[in-house]
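Residues in the sequence shown are numbered consecutively from 0, following numbering that gives the first Met the number 0.
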Amino acid sequence: MRISCLQIFLILSGIGTTSALHSNAQELLSRKVSLHARNLEMVKVLQQIEKQAEVRFVFSSKMIASKRKISFEAGDDPLSSVLERLLTPLDISYEISGQVIILSKKETPPFRNEDQPGLNSLLVPALTVSGMVKDEKGEALPGVSILIKGTQHGTTTNTEGFFRLEVPDENAVLVFSFVGYISQEVAAAGKASLDIVLKVDEKALDEVVVIGYGTQKIADVTGSVSRISEKVIQSRPTANFQEAMQGRMSGVQVRQTGGDLSGRFSINIRGIGSVTGSNNPLVVVDGIPLFSGDFSTINPRDIISIDVLKDASATAIYGARASNGVINITTRRGQDGKTEFFFETSFGFENIAKRYEVLSTEQQRRLFVEAFKNTNQNTSVFEDLDHPAWAVDTDWQKLVTQTGLRQEYSIGVHGGTEKSRFAVSASYLKRKGIIKTSDLSSFFLRANNDIRFSPKFTIATSVSASHQETTPVDNDTFHGGAYKSSISVHSYVEPFDEMGNLKGISHTANPYFGENRNPLINLLLPTRNNARDRILGNVKADWEFLEGLTLSGNIGADLLFLNNYSFQPVYSIGIYQLDQGSTTSGAGRQINWVTDATLQYARLVGKHDFKILIGSSAQSFINRQHSVTGSGTVDNKLNQLSNQTNFVASGSDVTAGLVSSFGRINYGFDGRYLVTATVRRDGSSKFGANRRYGIFPSASVAWRISEEQFMPGRNIFSDFKLRLGYGVTGNQNISDYAFITRAGNASYVFGNSVVVGNAPQNIGNPNLQWESARQFDAGVDFSLAQNRIRVTLDYYNKQSEDLLINTPVPFTAGVPEDPTVNIGSIENKGWEFDINSRNLTGKFSWTTHLNMTLNRNRVLDIGSNSTGDPLSIPGETLALPGEPINLTRAGEPIAAYYMYRFDGIWQSEDRDLAARFGAVPGDARYFDANGNNQLDQGDRIYAGNPNPTLFGGFTNDLSYGSWSLSVFFNFSAGNKLYNSMRNLNARAVPFNQQLAEVADFWTPENPSNTIPRPSQGGNTTYLSTRASTRFLENAAFLRLKDISVSYEVPSGFVQRIKLTRMRIAVQASNLLTFTKYQGLDPEASSNAALISAGIDHTPYPLTKMYSATVQIGF
């Protein structure tokens, strides 16, 4: 049994006067105990005594050999007698403190052999060392472990912190260790008395986080900041850093919206704060704010920490772009000391995590028969059991998928001296996707250098370059890409002819009626290639020209170059023909320049700690894109753009900029009272001249009560801090030039010809201004038992105002784009909870991290239309059923579901009532919300929230010796997800291959209340296809996201093969998902636009991945 925080509390609270202790001890020892133990582990015997005598034992398992098996009898005996008979034969002594009994090994007397004086003369007499162990406040520490280094011989301190130990000689080294304190090694050096002071291990409090234009100790932070370390980031192979963040931080929701190779994720920090604007947080890498949201070009192997700034007091230093939070990424840099090389390689394979089960060919045939009967169509071909189609049962999902492979190699070197430090790395990643023809390859290079020209002048450089090529296959829409198509094609269709060539079958003649286009045609024949090149770098200089006064300058660039190519060949496959090939070639470049200059003054005057920062920043963005599609070739060898004869071109050229000035004051008094005040002024080219500038202030305070002398329980809390903060941040995430009217291509009729000219594309709004987010945060950070348990709890309330919303206008306005206006407000409020605990320490260790977030999102106001009615903004209109299912309006969450409520199936006894709605028994039944006995738009009701209200994750890390095990779960709840695959393939309409659940369709003999009667056309099909709660599912889940086992090869063997380190690990991802959602992935959301959130079109499927990793140092 280890010493728990509860036991420590009991020990400390039990210390009183000597007389009180004596009285308490007498009462405790008189308690009665009855035992009957036969060959039972000693620890279990002690547990039985604990229950009967209502005491607690504290001991070192190793010292008392708690796993030894003993036999013992006691019949209603006093505890004093039981302890004497039980412990004395085992050479164990005990001391009492309150209700706690501290066990320790009896001190062994020095070896003597009176019968062999000659032998005694050869022995060196043992020395006795005694002393006290206290903490920095002078208070005694009971239960401190003292071992003679290199042996198992030792003792523990008693309730007064006293110890006595015999050592073999004056050169013995004693190791003092206690949970939550820094271990000490002290040489006996012939001393008979040692007084030891153990210091609290404040590593956690001394850790620094990146807060924007600087760093700050966690103990001094007044805002809300979360961090994940290098250990978490590098714990398994990941496609990008977003994947490493998933489920690891409170308040940060990272959703994996598809399993494609480059990683498809969305990040929301403390909810959704904008309706039609972007909700992406600002990402800063080594001081450079990124312009592009393509993060797969940032190598996660280079990252050593990710700090997320969540509340306004933490993010306001970034002003206009900080309302959605800020993610600060720090990459690896060199350290003083020996130059070290490292190499890492990993290899893995992956398979689809889940697949849809569909009807067999025979089941689909019976469905056709029923559907055609119900709609009075000819069923003869479907009832002809000898037709060759019914002998085919193609597994299309298997045909379009494969086992994916993943291999990665990284090599690097880092080191440095007092004057110069460096870190250089290179990585190569190759992936073959689970969808045929999909692949990805990435190359990464990075070089970070720090040069110290003098103690007061340093220059740091960071440069990275990457090249990535992908073969894309996915088309994430209602009709879907290759995988979704493979589910919709009938199983009785053959993919290949007798020669092995792709086969194309008519979809008009029975029995080949419906969706029968061979998905392999579009998957295997076209050529597709997307390439991305990125260069990211900066140079930063720091000059302390006066004591405490530092001038810093930073210049950086983020250059992204895009090249896309595709060729659609000529082919003739059955009825499917393409007479002319076409080539599309596109290119783009995104250039982001940033310069910063700051002046910081830091001064400590007595107990007063001042830090003042002022600075300015300028950033420019250039985004140039063009694409040309050419067609006309009849020879597939002529596949270049220059070989085509007809062309269509498009392009854009956008230049934008941001200029800023900012300041921050940090003040601390005696490490107890902390104040931070920040202000930033931004000017953005996205707004007109009269609304271009915005000011964003914030302030926060913190009180470290644990540093107060009057703090109750000071011996319990290692740290206790209260925080309060309030501030305003901005959002400018809209399209450029929305404040002016822009011209674009438009066609019109002139005479008898169609002429292309220019026409207005939008209605400019010169009064556009910033969205602003006002946020209040109250939090508490505390740690218990010498930082063994650390807890953070936050409450936040964020209100986004003057929302930048694209307001729908009628077609008569004559412009294709909706104008952008400032209207409405949104509220996000919630709670965040983080706990880190070191449950067990020593050779066997166990740590736990749990984070959890509760968030409520609500639209407070969305404005009114021209008639004064409250405005509502519809989401995506689905091809089937031809109506939107999301609606954003006041009083509900953003993109709330509005649809018909499915009330089961009309049964035979409901024939007359069904007729009022134009239905018959077996048709889908819906709730008549407005009571007018017909199904109309007035029956669509609020049906749920697409945004989770609860999410988080928890990790358990266990280690024993060189072995380590890590198990990570993430979870989400409170939201629903619309399954458009079931809307298409579970409606009992055989035009598409239907899912296995449809086998239970309604008939008079099988009165199902979930699956309607089969149909092909007519009102029954219309009713079966309505957007309703039938396809709206609970998306709550608990997922075993990652599990890994690693082995650190012993240093003796490693050194013999001339290495400095070797680690071997195996990992598995997405092994288990517990959910009621029937689709492939409860996290899937196919729309980047938040007004259409929570629709699952079955994107690139989620995968289960298994991998092995080897890391070596030399």
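Where is the CB? At the ideal position from N, CA and C, for every residue including glycine.
Residue pairing of Ser746 in beta bridges, as defined by DSSP: Val755. Taking a contact as a CB-CB distance under 8 Å, the pair Asn1005 and Asn946 does not count as one, their CB atoms being some 38 Å apart. In terms of Cβ geometry, Met248 and Val307 form a close pair [threshold 7 Å]. In chain order, Tyr600 and Ile664 place their CB closer than 6 Å to the CB of Ile611, counting only its own chain and leaving out the 5 sequence neighbours on each side. For the 7 Å CB-CB criterion, Ser1068 and Asp1041 form a contact.
Pairing Val988 with Leu994, the inter-Cα distance amounts to about 11 Å. With contacts defined by Cβ atoms closer than 7 Å, Gly324 and Ile232 do not form a contacting pair. In the structure shown, Ala995 adopts helical secondary structure according to DSSP, grouped into three states. With 16 or more neighbouring CB atoms inside 10 Å of its own CB, Glu1032 falls in the buried class. Setting aside the 5 residues that flank it on each side, Gly729 is surrounded in the same chain by Gly318, Ala319, Arg320, Ala321, Ser322, Asp681, Gly693, Phe695, Trp769, Glu770, Ser771 and Ala772, each with a C-beta closer than 8 Å to its C-beta; the list follows chain order. Ranked by how close their Cα comes to the Cα of Gly903, the residues Glu349, Gly890, Arg1038 and Val919 have Val919 in first place. Restricting attention to beta strand (DSSP E) runs no shorter than 3 residues, the stretch 966 to 1051 encloses them at 975 to 978, 1031 to 1033 and 1036 to 1047, ordered along the chain.
When DSSP states are grouped into helix, strand and coil, Met898 belongs to the strand group.
Rounded to whole angstroms, the separation of the alpha carbons of Tyr491 and Trp395 is 10 Å. In this structure, Trp830 and Tyr794 form a Cβ contact; the two beta carbons are roughly 6 Å apart against a cut-off of 8 Å. Lys685 carries a coil assignment under DSSP once its states are collapsed to helix, strand and coil. According to DSSP, Leu146 shares a beta bridge with Gly153 and Val174. Within the same chain, and ignoring the five residues on either side of Val368 in sequence, the residues whose Cβ sits closer than 8 Å to its Cβ are Thr378, Phe381 and Glu382.
Of all alpha-carbon atoms in Ala701, Arg67, Ser565 and Val569, the one lying nearest the alpha-carbon of Leu640 is that of Ser565.
At least 7 Å separates the beta-carbon of Pro818 from that of Asn864. The Cβ neighbour count for Asn645, taken over all protein chains shown within 10 Å, is under 16; the residue is labelled exposed. Straight through space, the alpha carbons of Gln255 and Thr1108 are spaced by roughly 23 Å.
Asn373 counts as buried, since no fewer than 16 other beta carbons sit within 10 angstroms of its beta carbon. Cβ contact annotation for Asp927 (same chain, cutoff 7 Å, sequence separation greater than five): Asp938, in chain order.
Under DSSP, the beta-bridge partners assigned to Gln1066 are Ser1043 and Ser1106.
The stretch 526 to 539 makes no contact with the stretch 503 to 518: fewer than 3 CB pairs, one atom from each, lie closer than 8 Å.
When rounded, the separation of the alpha-carbon atoms in Asn622 and Val653 is 5 Å. With fewer than three CB-CB distances shorter than 8 Å, the stretch 294 to 313 does not count as touching the stretch 657 to 673.
Cα atoms of Ser581 and Ile572: separation of roughly 17 Å, rounded to the nearest angstrom. Here Leu612 carries a strand assignment [DSSP, helix/strand/coil].
The shortest C-alpha to C-alpha distance from Asp1095 to any of Lys397, Phe970 and Phe1030 is the one to Phe1030.
Closest in alpha carbon position to Lys353, among Leu404, Ser273 and Ile486, is Ile486. For Asp911, the enclosing alpha helix (DSSP H) starts and ends at Arg910 to Ala914. Classified as buried, Trp905 has 16 or more neighbouring CB atoms from the shown chains inside 10 Å of its CB. Ala191 and Leu78 have their alpha carbons spaced roughly 36 Å apart. Annotated three-state conformation of Phe264 is strand, per DSSP.
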